[in-house]
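Chemist: Sharing a structure with you now.
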Amino acid sequence: MQADIDFSHYLRDCGAGLVHLDLAVEGINCAGCMAKIERNLSSIPDVTSARVNLTDSRLALEWKAGTLDPALFVTRLAELGYKAHPFQRDAAEMREAQRSQGLLRRLGVAAFAAMNVMMLSIPVWSGIGSDMLPEQRDFFHWLSALIVLPAAAYSAQPFFASAWTALRSRGVNMDVPISIGIFLALAISVVETVNHAEHAYFDAAIMLIAFLLAGRYLDQNMRRRTRAFAGNLAALKAETATKFVSPTEIRTVPAAAIKPNDMVLLRPGERCAVDGNVIEGRSEVDQSLITGETLPVTATPGSAVFAGTLVRSGTLRVRVAAASGDTLLAELTRLLDQALQARSRYLRLAERASRLYAPVVHATAFLTMLGWLAYGATFHDSIVTAIAVLIITCPCALGLAIPAVQTVASGALFGSGVLLNAGDAIERIAEVDRVIFDKTGTLTLPELDVANLASIPTETVKLAGRLALSSRHPVAAAVARAAGASAPLPDIAEEPGQGVHGTWQGQSIRLGRPAFCNADDLANEILCQDPEASVVAFSHGETRFVFAVRQQMRPDAAEVIAALERRGIAVEIASGDREPAVRLAAGTLGIHEWRAEVSPVDKIARIEELARQGCKVLMVGDGLNDAPALAAAHASMSPVTATHVSQAVADAVFLGERLAPVLTAVRVSRKALRLMRQNLWLAVIYNVVAVPVAILGVVTPLIAAAAMSGSSVLVMLNALRARAKEAV
Amino acid sequence: MEVLVYLVPLALALGFVGLLAFLWSLRSGQYDDLDGAAWRAIADDEPANDHS
Chain A
3 MQADIDFSHY LRDCGAGLVH LDLAVEGINC AGCMAKIERN LSSIPDVTSA RVNLTDSRLA
63 LEWKAGTLDP ALFVTRLAEL GYKAHPFQRD AAEMREAQRS QGLLRRLGVA AFAAMNVMML
123 SIPVWSGIGS DMLPEQRDFF HWLSALIVLP AAAYSAQPFF ASAWTALRSR GVNMDVPISI
183 GIFLALAISV VETVNHAEHA YFDAAIMLIA FLLAGRYLDQ NMRRRTRAFA GNLAALKAET
243 ATKFVSPTEI RTVPAAAIKP NDMVLLRPGE RCAVDGNVIE GRSEVDQSLI TGETLPVTAT
303 PGSAVFAGTL VRSGTLRVRV AAASGDTLLA ELTRLLDQAL QARSRYLRLA ERASRLYAPV
363 VHATAFLTML GWLAYGATFH DSIVTAIAVL IITCPCALGL AIPAVQTVAS GALFGSGVLL
423 NAGDAIERIA EVDRVIFDKT GTLTLPELDV ANLASIPTET VKLAGRLALS SRHPVAAAVA
483 RAAGASAPLP DIAEEPGQGV HGTWQGQSIR LGRPAFCNAD DLANEILCQD PEASVVAFSH
543 GETRFVFAVR QQMRPDAAEV IAALERRGIA VEIASGDREP AVRLAAGTLG IHEWRAEVSP
603 VDKIARIEEL ARQGCKVLMV GDGLNDAPAL AAAHASMSPV TATHVSQAVA DAVFLGERLA
663 PVLTAVRVSR KALRLMRQNL WLAVIYNVVA VPVAILGVVT PLIAAAAMSG SSVLVMLNAL
723 RARAKEAV
Chain B
6 MEVLVYLVPL ALALGFVGLL AFLWSLRSGQ YDDLDGAAWR AIADDEPAND HS
């Protein structure tokens, strides 16, 4: 099926008659896979390079232009047992990767400078007071200046830039005291060196930069990795669309290659990958991913369809309004913008800490100077002591305290299937005391499943599954999936809008509408018990059965909700679906508070009402109708099957069929927030001990360097505790 | 102590060479796949065995 797709959109000409293709590959997890894939694909003639990236689960291929069909690689990989799909790095991912590289380069420069300066500083420290001549000491100080000044000017730029941005918008962030500290330390060191003084702080300044850059790099690298992984997931969804290349001719192309005003064809069983308007045709469509409503609606010429719509019965011809992920209903866009604005007002823990920190530190340094002046010290000595206070308090530990914990915690979350979208997601998820779940696709699984499998004999299920393989209707597909069928029955005909039929072992066999199989009474029985189910009947000779097909609850939904409530987190449901369906779900899961037929506006209103009462709400939802609420809530999560927009605005995306990642996210985040606070307190304690020493004016460069690295290492070690596992 | 005239520039030059080597390795993409690089060192001699 993959082989029919037109991959030309993804090919990149890389000169010298070669073309380049990037593939996201599922299932590369060891060195063996890597060797197997590379060996197999490089053995294809005309392939010049096949290289696996194990960190990102990707494969880069290059071959001579015009010789090979890209689909060949996908087929080859499928034969080897790997699912692969081409992808294109999106702009956001490229930016993260560039930032990550830039930080690593600056970190390298700062670290090499720090090493070389230490080589000069240690002789000075050990030589003071013994046999080192003042001329030699000055020479070493000048050499240090020569190394550190250019290195600092280059590698500290991210801090200077960020501090400047904050100051220009009349704010303060952590980078302001950092920049002031670095700048003053370097300035005083130069002045002291010129004056042949005993102490210079070049080593402390460059070490501080190196430590802080290490923190930044860790943070950035985790973000880059998450972004790359999200890119793979999007590629592996392998969204395709059937595009009209001429009024009568169609071709299957990747959804990314579709442009506005293209015409696409939607067939039964297909999920629409684009937003658009129906031009021709009539079909039942399942909009549950968009509205939360599980009952199908009818699409006719003029109706709008959105990415995520599942076509159930007929064929539709659709004009694309905008490429996938770009547009929404105007109303939703407006709500979304408002909600996102409100969220950007959230103050991160680091910002709150630096708002307190910067004035205190600067005031302390200033008072130290005044104090020494009043005590009768010279102006020069007073200033040197004040700057020593600034250097010793320079928030090395503070700058690492939060990113280090965030990196370790997001690594732990990554391992348990939660991808973080926002840098401050951990802090906000940790603070929640109420969770609002959407029902459709969030508490329930997005795929349809057979609910009454246990009451039907296995043999019948298997036979019905094989018969169902001949139909593209999603309800039939669910039966085939539940039966695990892989061998279709021979000579089966499809009766449009009714079902499929044929002959098996000399008897007529049918699958389809209850009336088509003469099983209306059985179907009505099931529908009375479970009005939300879709029914599909099966008959073979005189045997008749009816399958109830519906979205099943996630297997661990009840446990997770109980566990959340045990942790003191209130749980409620806000769904766009109709009342009986929501009541049933709430009853099964033991949730007392639920709302049905909630519009996107009402969802936001509910969240705002709770916010006014002081609740911190975690919204978990997947549909287009949840997107504004996801953006408005204090924190938000989406399953990976959610619409593009919901995934983009959610703070975190979780993988898999289980709901447990929601609980894990809350648990890990709470622990991480505790560790962040601990780390901030460690930094405070360090300052309480070190600052008096600095105020007394006895801080030598050796003490400054030791204190700085000591506190950084302590904070790092404490951050690593976020990794420790605990029972759910 | 005249030996410092040679030793200090030599040490600094070596440090500089190290930095250049790092920048070169960064530019040639050697930090793009740290997990894979760890395995490549030992994978070449192994037969291509199936893990999946």
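So the protein sequences, as listed, match chains A and B.
3 is the number of the first residue of the first sequence in my numbering; add one for each residue after it.
6 is the number of the first residue of the second sequence in my numbering; add one for each residue after it.
For glycine and all other residues, C-beta sits at the position ideal for the given N, C-alpha and C.
Keep in mind the model is a prediction, meaning the values are calculated, not measured.
#1: Does the Cβ-Cβ distance between Leu16/B and Met121/A come in under 9 Å?
#2: List the residues of chain B whose Cβ lies closer than 8 Å to the Cβ of Val150/A, in chain order.
#3: Assuming Pro641/A and Gly419/A form a contact by the criterion Cβ under 8 Å, report the distance between their Cβ atoms to the nearest whole angstrom.
#4: In its own chain, which residues sit with a C-beta less than 6 Å from the C-beta of Trp374/A, not counting the 5 before and 5 after it?
#5: Which residue's Cα is closest to the Cα of Thr228/A: Val573/A, Pro492/A, Val655/A and Val717/A?
#6: Residues of the segment 23-38 of chain B with a CB closer than 7 Å to any CB of chain A: list them in chain order, please.
#7: Cα separation between Asn175/A and Val668/A?
#8: Rounding to the nearest angstrom, what Cα-Cα distance links Thr409/A and Ser45/A in this structure?
#9: Specify the secondary structure class of Asn263/A as computed by DSSP and reduced to three states.
#10: Could I get the ranges of all uninterrupted alpha helix (DSSP H) runs contained in the segment 585-653 of chain A, with 4 residues as the minimum, in chain order?
#11: Beta carbon of Asn197/A, beta carbon of Ile404/A: below 9 Å?
#12: Using a Cβ cut-off of 9 Å, which residues of the segment 118-147 of chain A contact any Cβ in chain B, in chain order?
#13: Since I believe Asp440/A is in contact with Met647/A (beta carbons under 8 Å), could you give me their beta-carbon distance rounded to a whole number of angstroms?
#14: Would you say Val178/A touches the ligand ZN, meaning its beta carbon is less than 8 Å from a heavy atom?
#15: If we cut at 9 Å on Cβ distances, does Leu9/B have a partner in chain A?
#16: If I follow the unbroken beta strand (DSSP E) through Lys441/A, where does it start and stop?
#17: Going straight from the alpha carbon of Ala187/A to that of His143/A, what length do you get?
#18: Since Ala16/B meets chain A, which of its residues come closer than 7 Å, beta carbon to beta carbon?
#19: If you draw a straight line from the alpha carbon of Val670/A to that of Glu429/A, how long is it in whole angstroms?
#20: Using the rule of at least 16 other Cβ atoms within 10 Å of the residue's Cβ for burial, across every protein chain shown, is Asp48/A buried or exposed?
#21: Along the segment 45-79 of chain A, where does the CB come closer than 8 Å to a CB of chain B? Name the residues.
#22: Short check: CB of Ala112/A to CB of Ala155/A, under 9 Å?
#23: From Ala517/A to Leu447/A, what does the alpha carbon distance come to, in whole angstroms?
#24: List the residues of chain B whose Cβ lies closer than 9 Å to the Cβ of Phe114/A, in chain order.
#25: Could you tell me which uninterrupted beta strand (DSSP E) segments, each at least 3 residues in length, are contained entirely in the segment 525-566 of chain A, listed from first to last along the chain?
#26: Are the Cβ atoms of Arg538/A and Val603/A separated by less than 9 Å?
#27: Which residues in chain B have a C-beta closer than 8 Å to the C-beta of Arg107/A? List them in chain order.
#28: Under the assumption that Val27/A contacts Leu74/A (Cβ atoms under 8 Å), give the Cβ distance between them as a whole number of angstroms.
#29: Taking only the alpha-carbon atoms, compute the straight-line gap between Thr329/A and Leu291/A and give it to the nearest angstrom.
#30: Is Arg273/A near Gly304/A, with beta carbons less than 9 Å apart?
#31: Could you tell me if Tyr11/B is buried or exposed, where buried requires 16 or more neighbouring beta carbons within 10 angstroms of its beta carbon?
#32: Quick check: what's the CA-CA separation for Arg608/A versus Ala583/A?
#33: Any idea if Val362/A is buried or exposed, counting beta-carbon neighbours within 10 angstroms, 16 or more meaning buried?
#34: Buried or exposed: where does Asn689/A fall if 16 or more other Cβ atoms within 10 Å of its Cβ makes it buried?
#35: Locate the beta strand (DSSP E) running through Glu497/A, then write down its first and last residues.
#36: Could you confirm whether any beta carbon from chain B is found closer than 9 Å to the beta carbon of Met36/A?
Modeler: So, to answer that:
#1: Counting from 1 along the second sequence, the entry for residue 16/B is found at position 11. Counting from 1 along the first sequence, the entry for residue 121/A is found at position 119. Just to set this straight, residue 16/B is Ala in the shown sequence, not Leu. The answer is yes: Cβ separation under 9 Å.
#2: Taking the first sequence and counting its residues from 1, one reaches residue 150/A at position 148. Result: empty, since nearest Cβ-Cβ is about 12 Å, beyond 8 Å.
#3: Against the first sequence, residue 641/A aligns to sequence position 639. Against the first sequence, residue 419/A aligns to sequence position 417. Not quite, the Cβ-Cβ distance comes to about 10 Å (not below 8 Å), so this is no contact.
#4: Translated into positions along the first sequence, residue 374/A becomes position 372. Taken in chain order, the residues that qualify are Ser384 and Thr387.
#5: Numbered from 1 along the first sequence, position 226 holds the residue referred to as residue 228/A. Answer by Cα proximity: Val655/A.
#6: Gly23, Leu24, Phe27, Leu28, Leu31, Tyr36, Asp37 and Asp38
#7: Residue 175/A sits at position 173 when you count from the first residue of the first sequence. Residue 668/A sits at position 666 when you count from the first residue of the first sequence. One C-alpha to the other measures close to 27 Å.
#8: Within the first sequence, the letter at position 407 stands for residue 409/A. Within the first sequence, the letter at position 43 stands for residue 45/A. Approximately 40 Å, taken between the alpha carbons.
#9: As a position in the first sequence, residue 263/A is number 261, starting the count at 1. DSSP places Asn263/A in coil when its eight states are reduced to three.
#10: 602-614, 629-634 and 646-651
#11: Translated into the one-based positions of the first sequence, residue 197/A becomes position 195. Translated into the one-based positions of the first sequence, residue 404/A becomes position 402. No, Cβ-Cβ distance for Asn197/A and Ile404/A is not below 9 Å.
#12: Asn118, Met121, Leu122, Leu135, Gln138, Phe141, Phe142 and Leu145
#13: Looking up residue 647/A in the first sequence gives position 645. Looking up residue 440/A in the first sequence gives position 438. First, the amino acid is wrong: residue 647/A is Val here, not Met. Contact doesn't hold; Cβ gap of about 14 Å is too wide.
#14: This structure lacks the ligand ZN, and indeed carries no ligand of any kind.
#15: The count along the second sequence starts at 1 and reaches residue 9/B at position 4. Yes - at least one Cβ of chain A is within 9 Å of the one on Leu9/B.
#16: Working through the first sequence from its first residue, we reach residue 441/A at position 439. Element bounds for Lys441/A: n/a, residue is neither H nor E.
#17: Stepping through the first sequence from its first residue, residue 187/A is reached at position 185. Stepping through the first sequence from its first residue, residue 143/A is reached at position 141. Straight-line Cα distance between these residues: approximately 14 Å.
#18: As a first step, residue 16/B must be located in the second sequence, where it is residue number 11. Within chain A, the residues near Ala16/B are Met121.
#19: Within the first sequence, residue 670/A is the residue found at index 668, counting from 1. Within the first sequence, residue 429/A is the residue found at index 427, counting from 1. Their Cα atoms are separated by approximately 10 Å.
#20: One-based indexing of the first sequence puts residue 48/A at position 46. Asp48/A should be labelled exposed.
#21: Val54, Asn55, Leu56, Thr57 and Asp58
#22: For this step, residue 112/A is matched to residue 110 along the first sequence. For this step, residue 155/A is matched to residue 153 along the first sequence. No; because the gap between Cβ atoms is not below 9 Å, this pair is not in contact.
#23: Indexing the first sequence from 1 puts residue 517/A at position 515. Indexing the first sequence from 1 puts residue 447/A at position 445. Going by the C-alpha atoms only, they are around 29 Å apart.
#24: Position 112 of the first sequence, counted from the first residue, corresponds to residue 114/A. Residues of chain B passing the Cβ test: Gly20, Phe21, Gly23, Leu24 and Phe27.
#25: 536-542 and 545-555
#26: Along the first sequence, read from residue 1 onward, the residue named residue 538/A stands at position 536. Along the first sequence, read from residue 1 onward, the residue named residue 603/A stands at position 601. Residue identity check: residue 538/A is Val in the sequence provided, not Arg. Not in contact: Val538/A and Val603/A (Cβ atoms no closer than 9 Å).
#27: By one-based count along the first sequence, residue 107/A stands at place 105. Simply Leu28 and Leu31.
#28: On the first sequence, residue 27/A is found 25 positions in, with the first residue counted as 1. On the first sequence, residue 74/A is found 72 positions in, with the first residue counted as 1. Actually they do not touch by this definition, with Cβ atoms about 15 Å apart.
#29: For the purposes of this step, residue 329/A is identified with residue 327 of the first sequence, where counting begins at 1. For the purposes of this step, residue 291/A is identified with residue 289 of the first sequence, where counting begins at 1. Per-residue confidence for Thr329/A stands at a pLDDT of 49, beneath the threshold of 50, marking its modelled position as unreliable; the derived number appears in the next sentence. Roughly 16 Å separates the two Cα atoms.
#30: As a first step, residue 273/A must be located in the first sequence, where it is residue number 271. As a first step, residue 304/A must be located in the first sequence, where it is residue number 302. It is not a contact, given that the beta carbons lie outside the stated cut-off.
#31: Position 6 of the second sequence, counted from the start, is the residue given in the question as residue 11/B. It counts as exposed.
#32: Within the first sequence, residue 608/A is the residue found at index 606, counting from 1. Within the first sequence, residue 583/A is the residue found at index 581, counting from 1. Answer to the nearest angstrom: the Cα atoms are 20 Å apart.
#33: Counting from one through the first sequence, the residue named residue 362/A turns up at place 360. Result: exposed.
#34: Here residue 689/A is taken as the residue at index 687 of the first sequence, counted from 1. Burial call: buried.
#35: If you number the first sequence from 1, residue 497/A lands on position 495. Its beta strand (DSSP E) spans residues Ala495 to Glu497.
#36: In the first sequence, the residue the question calls residue 36/A occupies position 34. Yes - at least one Cβ of chain B is within 9 Å of the one on Met36/A.
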